[in-house]
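Okay, so here's the structure we're looking at.
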Amino acid sequence: MEIVESDKLEMRKMGVKFLDITDTPFAKDIALLYAPKEYTYPAKLAHTKDIKNIVSKVDKKRLHTNLGVFSSFHTRYYKSDHGLASAQWLQKTIQQIIASSNTTLDVEVVPFKHEWKQFSIIVKIPGSEVLSSDESIVVVGSHQDSVNLLFPSLFAAPGADDDGSGTVTCLEALTLLLGADFQPRNNVEFHFYSAEEGGCLGSLAIFAKYKEQHKAVVAMLQQDMTGYSAGSLEKGLPDHVGLITDYTNHNLNVFLKTTIEAVCDIDWMETKCGYACSDHSSASKFGYPSAFIIESTFENSNHFIHSTQDTIDKLSFEHMAEHVKLTVGYAYELGMSDIKEQH
Numbered sequence: 001m002e003i004v005e006s007d008k009l010e011m012r013k014m015g016v017k018f019l020d021i022t023d024t025p026f027a028k029d030i031a032l033l034y035a036p037k038e039y040t041y042p043a044k045l046a047h048t049k050d051i052k053n054i055v056s057k058v059d060k061k062r063l064h065t066n067l068g069v070f071s072s073f074h075t076r077y078y079k080s081d082h083g084l085a086s087a088q089w090l091q092k093t094i095q096q097i098i099a100s101s102n103t104t105l106d107v108e109v110v111p112f113k114h115e116w117k118q119f120s121i122i123v124k125i126p127g128s129e130v131l132s133s134d135e136s137i138v139v140v141g142s143h144q145d146s147v148n149l150l151f152p153s154l155f156a157a158p159g160a161d162d163d164g165s166g167t168v169t170c171l172e173a174l175t176l177l178l179g180a181d182f183q184p185r186n187n188v189e190f191h192f193y194s195a196e197e198g199g200c201l202g203s204l205a206i207f208a209k210y211k212e213q214h215k216a217v218v219a220m221l222q223q224d225m226t227g228y229s230a231g232s233l234e235k236g237l238p239d240h241v242g243l244i245t246d247y248t249n250h251n252l253n254v255f256l257k258t259t260i261e262a263v264c265d266i267d268w269m270e271t272k273c274g275y276a277c278s279d280h281s282s283a284s285k286f287g288y289p290s291a292f293i294i295e296s297t298f299e300n301s302n303h304f305i306h307s308t309q310d311t312i313d314k315l316s317f318e319h320m321a322e323h324v325k326l327t328v329g330y331a332y333e334l335g336m337s338d339i340k341e342q343h
């Protein structure tokens, strides 16, 4: 049975989550071909002092400024001219971050083009060592597109939280790491995916290509919706991040809990979001260990998403800064670690 774009939108409106693997190589055999690999991650952080020094420089005004621009596009719908323009702004901003940083490394910005208008972006921070027969890659991900489910090609979709917040969280983490002249042993990559709202299309294309090229992604962390804390606070819960436990990697989740406890000023709470709820699912689909940190327990996350109401005024930049700290801690610690595959 053929599924067209309007069918996918109806599924999203009903809360159905999915991966659109129509054009993904070997789609029918993915589960058989790519059994998940397990890795051993640090039981405790070896670089807490360095990480805390870096994250002490989180700039909430810069987060606000970047998100103000990013959410001002009429929409970032992946098939639209606005979605292309927002990707071009994002690429230019990343290039400016690199140019004005203290990095002595050859950091590469790679646009990953698709058959639709909006391209994905990969930022590559090269590692200093090859720690195994394959180069180890540590990935931080977010998705740059937005959608208004009522009429995506026409109606506004500011997408401030979903996933403008995750995008600027990653921009800030990248800014801080390069500003500190971060020199990782492993390759560290920041991915800004197109078309997550269309069924994780951009991330599926990237991880399919990585698997085809036999790249060794040893960890992938998705930051999707990092700014809305009001739902938790209104319920009388302490501010926290939500650690997704379903369809994610247990070992990586344990490491993330350790990282949150070491570098963040708020705690974590376990939660579930169901199948294919963000781009980490694409990494898992190809056998790469992945994790997903969201702004709160899933039931208390932002209910204004996918509409004109997903706006910057509803978000907490204090909370977003905690996601930046986690992202820096994850990238720094795993970037410096000798990550062994379990056999």
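Reminder that position 175 of the sequence shown reads as 175 in full-length UniProt numbering, one-by-one numbering, no gaps.
Just so you know, even glycine gets a beta-carbon here, dropped at the ideal spot from N, CA and C.
Measuring only the C-alpha atoms, how far is residue i from residue j?
| i | j | result |
| --- | --- | --- |
| S122 | L233 | In the sequence as displayed, the identity of residue 122 is Ile instead of Ser. Going by the C-alpha atoms only, they are around 35 Å apart. |
| K209 | G242 | 30 Å |
| N186 | I125 | 9 Å |
| F190 | A157 | 24 Å |
| residue 374 | L204 | This structure cannot settle anything about residue 374, because the visible part of the chain is limited to 1 through 343. |
| M269 | S142 | 20 Å |
| L131 | T75 | Confidence is the limiting factor: at L131 the pLDDT is only 46, short of 50, which leaves the residue's position unreliable, though a coordinate-based value still follows. The straight-line gap from Cα to Cα measures roughly 42 Å. |
| A43 | G329 | 14 Å |
| V139 | V188 | 6 Å |
| K52 | K79 | 40 Å |
| S101 | H47 | 21 Å |
| H64 | T104 | 28 Å |
| D338 | K325 | 22 Å |
| Y41 | K340 | 8 Å |
| L90 | T175 | 13 Å |
| D246 | Q183 | 33 Å |
| L178 | P111 | 19 Å |
So what's residue i in DSSP terms, helix, strand or just coil?
| i | result |
| --- | --- |
| Y193 | strand |
| W116 | coil |
| A219 | strand |
| K340 | strand |
| N187 | strand |
| residue 379 | Here the chain has residues from 1 to 343 only, and residue 379 is not among them. |
| S142 | strand |
| S136 | strand |
| I121 | strand |
| Y39 | strand |
| L32 | Its pLDDT being 48, under 50, L32 is placed unreliably by the model, and the measurement read from it follows with that caveat. Correct three-state label for L32: helix. |
| I294 | strand |
| D224 | coil |
| G198 | helix |
| K314 | helix |
| N302 | coil |
| residue 350 | The structure shown does not extend to residue 350, since the chain is modelled only from 1 through 343, so no value can be given for it. |
| S278 | coil |
| N102 | coil |
| A160 | helix |
Is it buried or exposed for residue i, if we count other Cβ within 10 angstroms and need 16 for buried?
| i | result |
| --- | --- |
| residue 359 | The question about residue 359 has no answer here: the residues shown for the chain are numbered 1 through 343. |
| K113 | exposed |
| R73 | Checking the sequence shown, residue 73 turns out to be Phe, not Arg. That one is buried. |
| E322 | buried |
| S194 | buried |
| L154 | exposed |
| L67 | buried |
| G274 | exposed |
| L150 | exposed |
| S301 | buried |
| I54 | buried |
| K92 | exposed |
| S133 | Residue placement at S133 is poorly supported in this model, since its pLDDT is 44, which falls under 50; the coordinates still yield a value, given next. Label assigned to S133: exposed. |
| D145 | buried |
| D106 | exposed |
| G227 | buried |
| K238 | Inspection of the sequence shows that residue 238 is occupied by Pro rather than by Lys. Classification of P238: exposed, given that the 10 Å Cβ count is below 16. |
| S128 | exposed |
| K235 | exposed |
| H214 | exposed |
| E299 | exposed |
State the start and end residues of the unbroken beta strand (DSSP E) segment that holds residue i.
| i | result |
| --- | --- |
| G287 | Unbroken run through G287: none, as it is neither H nor E. |
| V147 | Careful: V147 lies outside any beta strand (DSSP E) and carries neither H nor E. |
| D267 | 267-271 |
If you follow the alpha helix (DSSP H) that residue i is part of, which residue opens it and which one closes it?
| i | result |
| --- | --- |
| H47 | Segment: none, H47 is in no alpha helix (DSSP H) and carries neither H nor E. |
| V107 | It is not in any alpha helix (DSSP H) - V107 carries neither H nor E in the DSSP assignment. |
| L243 | Here L243 belongs to no alpha helix (DSSP H); instead the beta strand (DSSP E) covers 240-244. |
| S86 | 81-99 |
| H319 | 317-335 |
| C170 | 166-179 |
| S232 | 230-234 |
| L67 | 60-70 |
| H250 | 250-263 |
Subject >> Inter-stretch contact at 8 Å, needing at least 3 Cβ pairs: the region 106-123 / the region 312-320 >> reply: no
Original post:
For the region 197-208 against the region 248-265, are there 3 or more C-beta pairs whose distance is under 8 Å?
Top reply: Contact fails: fewer than three Cβ-Cβ distances are below 8 Å.
Subject >> Meets three-Cβ-pair contact criterion under 8 Å: the region 157-175 and the region 302-314 >> reply: In short, these stretches touch, since the Cβ pair count reaches three.
Subject >> contact_flag[the region 245-254, the region 165-175] where n(CB pairs < 8 Å) is 3 or more >> reply: no
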